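Heads up: the sequence lines are chains A and B, in that order.
At position 166 of the first sequence the residue is numbered 183 (the working numbering), and the sequence of numbers has no breaks.
At position 268 of the second sequence the residue is numbered 274 (the working numbering), and the sequence of numbers has no breaks.
Idealized CB from N, CA, C, for every residue including glycine.
Model, not experiment: these values are computed from the prediction.
What follows is a short report on a single structure.
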Amino acid sequence: MSTDLPVLTAADFASDQDVRWCPGCGDYSILAQMKKMLPNLGVPREKIVFISGIGCSSRFPYYMNTYGMHSIHGRAPAFATGLKVARPDLQVWVITGDGDALSIGGNHLMHAIRRNVNLNIVLFNNRIYGLTKGQYSPTSPAGKRTKSTPYGSVDNPLNPLSLAVGCEGTFVARSIDTYIKHLGATLQRAAEHQGTSFVEVYQNCNVFNDGAWSYATDRNIKADHLLELEHGKPMIFGKDLDKGIRLNGMEPEVVELGKGITEDDLLFHDEKATEPTLAYLLSRMRKEDGFPEPIGVLRSVQHPTYDDGVVQQMEHVTEQKGPGDLNALFRSGDTWEVGADG
Amino acid sequence: MSITPQDTLHSDKDTESLSGATVRLAGDSGDGMQLVGSQLTNTSALAGNDVATFPDFPAEIRAPRGTRAGVSGFQLQFSSEDIFTPGDELDALVVMNPAALVTNIGDLQDRGVLIANEDSFGEKDLKLANLDHNPLESDKLNKYTVIKVPITTLTREAVKEVKNADGETLGTKEADRCKNFFALGIICWLYGRDLEPTIRFLDDKFGKKRPDVAEANTLALKAGWHYGETAELFERNYQVQAADLTPGTYTNVMGNQALAWGMVTAAHLSGKELFYGSYPITPASPVLEELSNFKNYGVKTFQAEDEIAAVCSAIGAAFGGSMALTGSSGPGIALKGEAMGLAMILELPLLILNVQRGGPSTGLPTKTEQSDLLQAMFGRNGESPLPVIAARSPSDCFDVAQEAWRISSRFMIPVIILSDGYIANGAEPWKIPDVNELDKIPISHPEAVAEGETFLPYSRNEDLARPWALPGTETLMHRVGGLEKEDLTGNVSYDPENHQHMTNIRQEKVDRIALAVDPVEVTGPESGDLLVLSWGGTYGACTTACRRSRDAGLSVAHAHLRWLSPFPANLGDILKRYRKVLIPELNMGQLSLLIRSRFLIDTVSLNKVKGKPFKVSEVMSKIREAVESLD
Ligand SMILES: Cc1ncc(C[n+]2csc(CCOP(=O)(O)OP(=O)(O)O)c2C)c(N)n1
Ligand code: SF4
Ligand SMILES: [Mg+2]
């Protein structure tokens, strides 16, 4: 029997709700790329569920014509885990913000990743609390002046990708709201990965933190600040593709190509490396330290997923013990009869 | 496995018939009192007695040995009559050390039997218990029948021939571990209990791996029995006849176990997979442990990273169509509050179990209390009423699980289930039902929307329940969330009228449940002087106290609440028929507060928060006081 799946378009994934983000917000672009990418997967809309926490970014599910849940602040990975375990047949996305995922929800994010639940987590990182109108977030740089840090933040920021790699994330990637082709392709790879996919998206909040990522998005300078990763390729960057990353002992360093340094001296990207060391090293490359920031897939490895494990264990136990029989269970301890005569 | 009671040993001493007895075994937490207590329970149940138990142990896993803080006790009442509590005053008390003696002797009735392991009353033992004199030598014990037994010496003697696989005899430490079975042997002799079930238990547990351990404990048990029979210390022993229970097949159940079984049964009856999201906490953990055995029953257990994740995972599973349950105790329920509010506004079915313990904060983890009632009623932000049901006894947990799921799935509403440490760890005989004869729990999911129509996720049926549309259904895609929902469409709505309307509807849903559940029943006079109104685990003490008070000529009726929210439809009427309403609670008056504000009547309270259940006598004296104050 063959069933012809209707060919879907981006428009089929749009719900009937008006999108309420501020004009110019980076969230629009992520929404557009998601809607554009999903038809490529061939997964029916009704099999897709978007679960979010709270924040501007977390309004996302309302705008998707799929199943969805706008849950509570920080807990989306926990809802998604329960849903995925209950319904392994569904494709489950988690949409979250930097405050939602890393502050109030840090614990759940960590555990979803280390369990390797088959979820796709997309973190909209605008380095600010958007919905609550502009307080600093766990990814705001030290010294950042915001409404709640008028003299500058004295917090040490958290690096989302380092965290994901530290939790042994099996798929860890980064993209940028305005880099639309790259974003679409990255989301697609995340969807296709078995296990937790974690994607950080640099997202501009043009109202409360405009330009936070301008070094990575400005046409004129972005090439010097971004390192586009490709599996098996040397790490080369710069407007003129004249710079590269070389390993010096345990430390990466930026080198200029030519003057005796060739491509072969550079670090080659290996997203499938069993050890997460390379991915961790890449995740730590920040502009402040003079490095280009990697985008693309840092790590993509295969590990057993939690939801598969749950199902397999159930099948295994059922095979061994036979399907459960409640009447037998109730009689599994000592029993005694009370006759009609007492 | 079914066995018929039979005597393996026969006593030649005089035997007196008793209607029942209350016994407590107390010792250090390392002495194995809980183990022999449950053996005695099992043996008594197999003898056809009605039984009720009260295990009482310290919060520390290894409290300092020999200290008062480390005392662990197991109390049991067995009877030829219908009983509802583990008993008030003790007929017999076994103490394995001085700390156990001083902390428990107050509960032994005058002329009751005190059996003490005199070997452990040395100077060091006394010091550990903070004593400067030997309490066994005190005049204060004169009112009891004191039997001093060198249990340690006799146990070592009994097991000295036992050899392990390598032909070695047991070390002192291992030999001493059999002391509890020696003590059990004495009690079995004293009350004519059969040894066979315990011997079989030892064989099942150790027979294969450590036959020497099985043998040693069996020898200690028998030695204890023979000691009772031959030492000229006891004048007679006792017999307790079988109780007059409804015909059927019985087994012993503990509350948490019955609850877990009830949940699996409810899932089966409704054709659902059970999902349990939980995080370990005393005294709720056994539910997680028990349910995690049932992989071949379609049960999925998820030990989450915390209680918030536990409830959220359950809500996710409910959205996916599972029968979803989350369980904890007070501190964990506090963490779940925000998500419970979400489940309420999502109008998804969900069960939230609170096995209550002593509060506030970490409180008294291993002790019982009923002080989370108001938390269950109001412990969420905003107007978020939820139905609340409370179990009254260990075996009742089985029925409560099913009833809660029946209501939750029918009305599309989260239901809170209250149990408590006393019910959770207590055991009683349970008449085993035939699963095929239990009422099914019908659940349906919409399959499609008519051509040309849009799906309305917040439309309602006659119960005000919205449709439970499951992901994967082609034409029913919808989004839910915690922002206020527009009536019918479920879209986000900030409309003032709509918010009022939806708030009213959510309250009305709870109110209507009153018509779907059984009215409250009254035992005793239909009107008159006094009504005792109880809920939850105090059922046994209140039932017994009311019965005995009526036997003593007082006009006292009893009503026990199963649903605390909503109150049963006939409750208001009933309350009006009595001159006084007495509400005994293991809290500082939480049900009283609800009854007073809802029905505008005065109530008398009996409150206690000592980590222990009510004694029947405590309730009886309050009843007498309340009745007498009427004249
Ligand atoms: C329990 C709880 N605490 C606080 C809030 C308030 N709150 C809503 S969103 C938010 C921060 C959102 O920041 P982020 O996750 O970065 O999302 P963004 O709005 O930037 O997309 C906060 C603190 C809340 N809704 N719930
Ligand atoms: S506040 Fe910022 S993040 Fe939120 S919608 Fe507006 S621009 Fe976007
Ligand atoms: Mg943000």
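TODO: Count the CB pairs spanning the region 70-86 of chain B and the region 141-158 of chain B that are closer than 8 Å, and state whether there are at least three.
DONE: Verdict: no, contact absent.
- [ ] With 7 Å as the C-beta to C-beta threshold (strictly closer), list the residues of the region 301-324 of chain B near chain A in chain order.
- [x] Residues of the region 301-324 of chain B with a Cβ closer than 7 Å to any Cβ of chain A, in chain order: Lys301, Asn302, Tyr303, Lys306, Phe308, Ala310, Glu311, Asp312, Ile314, Ala315, Cys318, Ser319, Ala320, Ile321, Gly322 and Ala323.
Open item on the list: I'd like to know whether the C-beta atoms of Leu379/B and Gln596/B end up nearer to each other than 7 Å.
Closed with: By 1-based counting over the second sequence, the position of residue 379/B is 373. By 1-based counting over the second sequence, the position of residue 596/B is 590. Result yes, Cβ atoms of Leu379/B and Gln596/B sit closer than 7 Å.
- [ ] Could you please tell me which residues of the region 251-283 of chain B, in chain order, have their CB closer than 8 Å to any CB of chain A?
- [x] Only Leu251, Thr252, Pro253, Gly254, Thr255, Tyr256, Thr257, Asn258, Trp267, Val270, Thr271, His274, Glu279, Phe281 and Gly283 from the region 251-283 of chain B bring a Cβ to less than 8 Å from some Cβ of chain A.
TODO: Would you check if the region 612-627 of chain B and the region 380-400 of chain B touch, i.e. whether three or more CB-CB distances between them fall below 8 Å?
DONE: The region 380-400 of chain B is not in contact with the region 612-627 of chain B.
TODO: State the start and end residues of the unbroken beta strand (DSSP E) segment that holds Ala433/B.
DONE: One-based indexing of the second sequence puts residue 433/B at position 427. Ala433 to Lys437 is the extent of the beta strand (DSSP E) around Ala433/B.
Open item on the list: Tell me which residues share the same chain as Ser334/B and place their Cβ nearer than 6 Å to its Cβ, disregarding the 5 neighbours each side in the sequence.
Closed with: For the purposes of this step, residue 334/B is taken as residue 328 along the second sequence, with counting starting at 1. Only residues of its own chain outside the window of five on either side were considered, and among them Ile287, Ala290 and Glu313 have a CB closer than 6 Å to the CB of Ser334/B, listed in chain order.
Task: Reduced DSSP secondary structure (H/G/I, E/B, other) of Lys164/A - done: What you label residue 164/A is simply residue 147 of the first sequence in a count that begins at 1. If DSSP states are grouped into helix, strand and coil, Lys164/A belongs with coil.
TODO: Return yes when the C-beta of Trp38/A is under 6 Å from any heavy atom of ligand 2, and no when it is not.
DONE: Here residue 38/A refers to the residue found at position 21 of the first sequence. Result yes, Cβ under 6 Å from ligand 2.
- [ ] With DSSP as the reference, label Gln263/B as helix, strand or coil.
- [x] Within the second sequence, numbered from 1, the residue matching residue 263/B stands at position 257. Gln263/B: helix per DSSP, three-state reduction.
Task: Asn143/A: CB within 6 Å of a non-hydrogen atom of ligand 1 - done: In the first sequence, the residue the question calls residue 143/A occupies position 126. Closer than 6 Å to some heavy atom of ligand 1: that describes the Cβ of Asn143/A.
- [ ] Spell out whether any CB of chain A is found under 7 Å from the CB atom of Asn140/B.
- [x] Position 134 of the second sequence, counting from 1, holds the residue named residue 140/B. No - not a single Cβ of chain A is within 7 Å of the one on Asn140/B.
Task: Of the residues Asp402/B, Val165/B, Cys403/B and Ile447/B, the one placed nearest Asp182/B, counting alpha carbons only - done: Stepping through the second sequence from its first residue, residue 182/B is reached at position 176. When each option's Cα is compared against that of Asp182/B, the closest is Val165/B.
Open item on the list: If the criterion is Cβ atoms closer than 7 Å, does the pair Gly578/B and Phe605/B meet it?
Closed with: As a position in the second sequence, residue 578/B is number 572, starting the count at 1. As a position in the second sequence, residue 605/B is number 599, starting the count at 1. Cβ distance < 7 Å, so Gly578/B and Phe605/B count as in contact.
Open item on the list: List, from N- to C-terminal side, the alpha helix (DSSP H) runs of 4 residues or more that fit wholly inside the region 190-222 of chain B.
Closed with: Runs of the alpha helix (DSSP H) inside the region 190-222 of chain B: 202-212.
Task: Assigned secondary structure, Asp227/A (DSSP; H/G/I helix, E/B strand, else coil) - done: Along the first sequence, one-based indexing puts residue 227/A at 210. In this structure, Asp227/A counts as coil in the three-state DSSP scheme.
Task: Inter-residue spacing [alpha-carbon to alpha-carbon] between Gly147/A and Gly41/A - done: Looking up residue 147/A in the first sequence gives position 130. Looking up residue 41/A in the first sequence gives position 24. Taking the Cα positions, Gly147/A is about 13 Å away from Gly41/A.
TODO: Check Trp231/B in the structure and name its three-state DSSP category.
DONE: For the purposes of this step, residue 231/B is identified with residue 225 of the second sequence, where counting begins at 1. In the structure shown, Trp231/B sits in a helix (DSSP, three-state: H, G or I).
Open item on the list: Using the three-state DSSP reduction, which class does His564/B fall into: helix, strand or coil?
Closed with: As a first step, residue 564/B must be located in the second sequence, where it is residue number 558. In the structure shown, His564/B sits in a strand (DSSP, three-state: E or B).
- [ ] Leaving out five residues on either side along the sequence, give the residues of the same chain with a beta carbon under 8 Å from the beta carbon of Tyr80/A.
- [x] Position 63 of the first sequence, counted from the first residue, corresponds to residue 80/A. Excluding sequence positions up to five before and after Tyr80/A, its CB lies within less than 8 Å of the CB of Ala31, Ser32, Gln34, Val36 and Leu48, all in the same chain and listed in chain order.
Open item on the list: Given this structure, state the Cα-to-Cα distance separating Val328/A from Leu315/A, to the nearest angstrom.
Closed with: Stepping through the first sequence from its first residue, residue 328/A is reached at position 311. Stepping through the first sequence from its first residue, residue 315/A is reached at position 298. Approximately 29 Å between the Cα atoms of the pair.
Open item on the list: For a test of the three-state rule: what should DSSP assign to Arg263/A, helix, strand or coil?
Closed with: As a first step, residue 263/A must be located in the first sequence, where it is residue number 246. Correct three-state label for Arg263/A: strand.
TODO: Verify the contact flag: Ser154/A, CB atom, against every heavy atom of ligand 3, threshold strictly below 6 Å.
DONE: Here residue 154/A refers to the residue found at position 137 of the first sequence. Because some heavy atom of ligand 3 lies under 6 Å away, the Cβ of Ser154/A counts as near it: yes.
Task: Where Leu560/B falls, given that 16 or more other Cβ within 10 Å makes a residue buried - done: Translated into the one-based positions of the second sequence, residue 560/B becomes position 554. With 16 or more Cβ atoms within 10 Å of its Cβ, Leu560/B is classed as buried.
Task: Reduced DSSP secondary structure (H/G/I, E/B, other) of Asn497/B - done: Residue 497/B sits at position 491 when you count from the first residue of the second sequence. Looking at Asn497/B - three-state DSSP - the assignment turns out to be coil, as it is neither helix nor strand.
TODO: Check whether the Cβ atoms of His242/A and Lys198/A lie closer than 7 Å to each other.
DONE: The residue you call residue 242/A lines up with position 225 of the first sequence. The residue you call residue 198/A lines up with position 181 of the first sequence. Not a contact, by the Cβ cut-off of 7 Å.
Open item on the list: Short of 7 Å in beta carbon distance, which residues of its chain neighbour Glu124/B, apart from the five on each side in sequence? Order them along the chain.
Closed with: Along the second sequence, read from residue 1 onward, the residue named residue 124/B stands at position 118. Excluding its 5 nearest sequence neighbours in each direction, Glu124/B has C-beta neighbours in its own chain below 7 Å: Leu142, Lys154, Val155 and Pro156, listed in chain order.
Open item on the list: Please tell me whether Asp351/A has its Cβ less than 7 Å away from any Cβ of chain B.
Closed with: Start at 1 with the first residue of the first sequence, and residue 351/A comes out as number 334. It does: the Cβ of Asp351/A has a partner Cβ on chain B nearer than 7 Å.
Open item on the list: Below 8 Å on the Cβ atoms is my contact criterion, and I expect Ser465/B with Pro477/B to pass it. Report the Cβ-Cβ distance as a whole number of Å.
Closed with: The residue you call residue 465/B lines up with position 459 of the second sequence. The residue you call residue 477/B lines up with position 471 of the second sequence. Taking a contact as a CB-CB distance under 8 Å, the pair Ser465/B and Pro477/B does not count as one, their CB atoms being some 18 Å apart.
TODO: Kindly confirm or deny that the region 141-159 of chain A and the region 170-177 of chain A touch, where touching means at least three C-beta pairs closer than 8 Å.
DONE: Three or more beta-carbon pairs drawn from the region 141-159 of chain A and the region 170-177 of chain A are found closer than 8 Å, and the two stretches are therefore classed as touching.
Open item on the list: Suppose the cutoff is 7 Å on Cβ atoms and the five residues either side in sequence are ignored; what does the same chain contact list for Asn576/B look like?
Closed with: As a first step, residue 576/B must be located in the second sequence, where it is residue number 570. Hits under 7 Å: Pro525 and Val526.
Task: Sequence-distant residues of the same chain with beta carbon closer than 7 Å to Met626/B, five excluded per side - done: As a first step, residue 626/B is located in the second sequence; it is residue number 620 there, counting from the start. So the qualifying residues of the chain are Ala551, Arg554 and Ser555.
Task: Heavy atom of ligand 3 within 6 Å of Asp115/A beta-carbon - done: For the purposes of this step, residue 115/A is identified with residue 98 of the first sequence, where counting begins at 1. In this structure, ligand 3 has a non-hydrogen atom nearer than 6 Å to the beta-carbon of Asp115/A.
Task: Cutoff 7 Å: Leu643/B Cβ touching any chain A Cβ - done: Chain B is shown from 7 up to 637; residue 643/B falls before or after that span and cannot be answered.
TODO: Give the interface partners of Leu52/B over in chain A, defined as CB-CB distance under 8 Å, in chain order.
DONE: By one-based count along the second sequence, residue 52/B stands at place 46. Against chain A, a Cβ distance below 8 Å from Leu52/B picks out Asp351 and Trp353.
Task: Pair within 7 Å by beta-carbon distance, Arg602/B and Asp535/B - done: Translated into the one-based positions of the second sequence, residue 602/B becomes position 596. Translated into the one-based positions of the second sequence, residue 535/B becomes position 529. No. Outside cutoff.
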